[in-house]
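2 protein chains.
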Amino acid sequence: MGFLDEVPRLDRLIERLESSEGLDDLQIVIEELRDGYSIDHMLYHWVNSNGDQYGCGTYPLDWVNRYVEKGYLRVDPVIIGCFQRFHPVDWKRLDWSGKAARAFMQDAINHGIGNQGYSIPIRGPNGQFAHFTLSHNCSDEDWQEFTTKNRRDLILIAHSFNQKALDFQPGRTPEPSQSLSPREIEAMTLLAIGYSRAQAADTLSISEHTLRVYVESARHKLGALNTTHAVARALNRGLIVI
Amino acid sequence: MGFLDEVPRLDRLIERLESSEGLDDLQIVIEELRDGYSIDHMLYHWVNSNGDQYGCGTYPLDWVNRYVEKGYLRVDPVIIGCFQRFHPVDWKRLDWSGKAARAFMQDAINHGIGNQGYSIPIRGPNGQFAHFTLSHNCSDEDWQEFTTKNRRDLILIAHSFNQKALDFQPGRTPEPSQSLSPREIEAMTLLAIGYSRAQAADTLSISEHTLRVYVESARHKLGALNTTHAVARALNRGLIVI
DNA sequence: ATCCTACTCCCCAAAAACTGCGAGGGGGCG
DNA sequence: CGCCCCCTCGCAGTTTTTGGGGAGTAGGAT
Numbered sequence: 373m374g375f376l377d378e379v380p381r382l383d384r385l386i387e388r389l390e391s392s393e394g395l396d397d398l399q400i401v402i403e404e405l406r407d408g409y410s411i412d413h414m415l416y417h418w419v420n421s422n423g424d425q426y427g428c429g430t431y432p433l434d435w436v437n438r439y440v441e442k443g444y445l446r447v448d449p450v451i452i453g454c455f456q457r458f459h460p461v462d463w464k465r466l467d468w469s470g471k472a473a474r475a476f477m478q479d480a481i482n483h484g485i486g487n488q489g490y491s492i493p494i495r496g497p498n499g500q501f502a503h504f505t506l507s508h509n510c511s512d513e514d515w516q517e518f519t520t521k522n523r524r525d526l527i528l529i530a531h532s533f534n535q536k537a538l539d540f541q542p543g544r545t546p547e548p549s550q551s552l553s554p555r556e557i558e559a560m561t562l563l564a565i566g567y568s569r570a571q572a573a574d575t576l577s578i579s580e581h582t583l584r585v586y587v588e589s590a591r592h593k594l595g596a597l598n599t600t601h602a603v604a605r606a607l608n609r610g611l612i613v614i
Numbered sequence: 373m374g375f376l377d378e379v380p381r382l383d384r385l386i387e388r389l390e391s392s393e394g395l396d397d398l399q400i401v402i403e404e405l406r407d408g409y410s411i412d413h414m415l416y417h418w419v420n421s422n423g424d425q426y427g428c429g430t431y432p433l434d435w436v437n438r439y440v441e442k443g444y445l446r447v448d449p450v451i452i453g454c455f456q457r458f459h460p461v462d463w464k465r466l467d468w469s470g471k472a473a474r475a476f477m478q479d480a481i482n483h484g485i486g487n488q489g490y491s492i493p494i495r496g497p498n499g500q501f502a503h504f505t506l507s508h509n510c511s512d513e514d515w516q517e518f519t520t521k522n523r524r525d526l527i528l529i530a531h532s533f534n535q536k537a538l539d540f541q542p543g544r545t546p547e548p549s550q551s552l553s554p555r556e557i558e559a560m561t562l563l564a565i566g567y568s569r570a571q572a573a574d575t576l577s578i579s580e581h582t583l584r585v586y587v588e589s590a591r592h593k594l595g596a597l598n599t600t601h602a603v604a605r606a607l608n609r610g611l612i613v614i
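Residue numbers (this note's numbering), protein chains in the order written: chain A, 373 to 614; chain B, 373 to 614.
The following block contains the structure:
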């Protein structure tokens, strides 16, 4: 039975997923999911804000190692594309125009990754990001049919999988950082959108000295080395939004 | 037939949702969804980065107006809670301890919002955020049963609804920006993690002058007013990750 | 083959940010 | 009531960043 005919029962898959009891178990689950859909590969890949990664899936081990060693995280169009997208995306719709991207794809195919792929971005607070990816070797038409048919189920599986993975790795959700006071938030937000200290102070109708106090205070709370760093951290932690 | 017995067919709901053809249509769809589940209220609520809001749902109009006027966005535990959470959440698990939060809840109930609620956070790139919320008036046990039974379907509906809402409001998704060169990315990343220009230049083993060229170049590409702004934009657009 | 982009280096003066200090009023919470 | 946090304002000297300029090499794209 080919991967186009196979339509596993969603509730059974989800039940199996939700009954998993640890990270090792998730590895088994994802292999079962892969087999259930009769495709080549399935992957859950978490990317931490600082570039740390956690993954589990059916990609060949040497490819995973190569990926990490080569720093492909910064090249991989799947990561880049998913990161700035809302919705699941077929790999064909990603940007493969760069030289590095094409070299990466060739390298991936050489390591047994399929020519087709479908990736579902998953997000959490503070820019936390993961993606759930399927890969296979087949024609464009077949892949189109497969993804169209299974899209909904896959979205649900992706989110359930992410939930489970998070449950088992509580450390990945950073402790909520010290929050900023309303004035500090306003000050940092204005700086983040390009205002100089003088402009920001003017906008808030306070003296520049006062504004500086806020920025300093925020900087200390955030453990930042300078204003730019503080703004970056505040953005990263979702304390301010621009 | 009560809301506990009613289990609408998911595929029909999604089909109806995906066949919608505009924002007005979505309003009708969400009313149909609400009726389909036989609950009091259903709401899709988008919160823009700058505090702008877009919503559609079955909340009473005077409550919606009051919500906007009173600036409840900054008080609403549903917003605050969903914003820092990964997964769907029952309103009972939110933090209602603050004085403002309790006053808000009382006000909401007075305006016909149910005592029970379930909210699904939805996220996009750049901290974009929405939530899909159900509300009803019933006992804790009944609500527990309802949410447990329909959780999966609701997650899928929430994401599909968000996708549709985005399709109809293309302005909400910012156009992808010009990408940065590798050196520019390195430079901006180092600045974003707190390095001074001198330190960053040293780290990259280039002169500070050269580093400045990168930063300037990145700033121009990003249309940023200064370095801090450029770093903020680069982070926001996912061009750099810290 | 040619053009364009990325990468590297240099100068200089003005503007802005950083560091660290001190000080008082208001509000919430135990 | 006292404590702590938030908001507001001030001074001053040092360091850093920020505006533009120009100029050469190398490699990829058309």
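Beta carbons are placed, not taken as given, at the ideal position from N, Cα and C, and that holds for glycine. In this text, all values refer to a predicted model and were calculated from it rather than measured experimentally.
From the DSSP output, in three-state form, read off residue i for me.
i, result
"B/Met373", "The predicted model places B/Met373 with a pLDDT of 42, which falls under 50 and marks its position as unreliable; any figure quoted below should be read in that light. Coil."
"B/Val379", "coil"
"B/Tyr567", "coil"
"B/Asp412", "coil"
"A/Tyr661", "Nothing can be reported for residue 661 of chain A: it is not among the residues displayed for chain A, which extend from 373 to 614."
"A/Trp418", "strand"
"B/Leu597", "coil"
Starting from residue i, trace the alpha helix (DSSP H) in both directions and tell me its first and last residue.
i, result
"A/Pro351", "Missing from the structure shown is residue 351 of chain A; chain A here goes from 373 to 614 and no further."
"B/Val613", "Where B/Val613 is concerned, there is no enclosing alpha helix (DSSP H), given that its DSSP letter is neither H nor E."
"A/Ile481", "Lys471 to Asn482"
"A/His459", "From DSSP, A/His459 is part of no alpha helix (DSSP H); its letter is neither H nor E."
"A/Arg617", "Here chain A comprises residues numbered 373 to 614, so residue 617 of chain A is not present and cannot be evaluated."
Around the Cβ of residue i, are there at least 16 other Cβ atoms within 10 angstroms (buried) or fewer (exposed)?
i, result
"A/Glu513", "exposed"
"B/Arg465", "exposed"
"A/Val419", "buried"
"A/Asn437", "exposed"
"B/Ser491", "buried"
"B/Pro449", "buried"
"A/Gln488", "buried"
"A/His581", "exposed"
"A/Ile452", "buried"
"A/Asp412", "buried"
"A/Thr520", "exposed"
"B/Ser392", "buried"
"B/Asn482", "exposed"
"B/Pro432", "exposed"
"B/Glu441", "exposed"
"B/Val613", "buried"
"B/Glu556", "buried"
"B/Gly427", "buried"
"A/Arg406", "buried"
"A/Pro493", "buried"
Quick one, are the C-beta atoms of residue i and residue j less than 9 Å apart?
i, j, result
"A/Trp468", "A/Ser507", "no"
"B/Leu415", "B/Ile402", "yes"
"A/Ala573", "A/Arg591", "no"
"A/Leu538", "A/Gly496", "yes"
"A/Phe533", "A/Phe501", "no"
"B/Gln535", "A/Phe518", "no"
"B/Leu616", "B/Leu594", "Outside the modelled stretch of chain B, which goes from 373 to 614, sits residue 616 of chain B, for which no answer is possible."
"B/Arg616", "A/Gln456", "In the structure as shown, chain B begins at 373 and stops at 614. Residue 616 of chain B is therefore absent and cannot be evaluated."
"A/Ile565", "B/Ala606", "no"
"A/Gly408", "A/Leu376", "no"
"B/Cys454", "B/Val461", "yes"
"A/Gly394", "A/Phe540", "yes"
"A/Ile510", "A/Gly484", "Just to set this straight, residue 510 of chain A is Cys in the shown sequence, not Ile. No, Cβ-Cβ distance for A/Cys510 and A/Gly484 is not below 9 Å."
"B/Pro380", "B/Asp479", "no"
Go to residue i, then tell me how far its beta strand (DSSP E) extends in each direction, as first and last residue.
i, result
"A/Tyr490", "Gln488 to Arg495"
"B/Leu506", "Phe501 to His508"
- Task: State whether the region 524-538 of chain A contacts the region 466-475 of chain A, with contact taken as three or more CB pairs (one from each stretch) at a distance under 8 Å.
- Result: When Cβ pairs closer than 8 Å are counted between the two stretches, the region 524-538 of chain A is seen not to touch the region 466-475 of chain A, the count staying below three.
- Take every Cβ of the region 560-570 of chain B, pair it with every Cβ of the region 587-606 of chain B, and state whether three or more of those distances are shorter than 8 Å. At 8 Å Cβ cutoff, the stretches touch.
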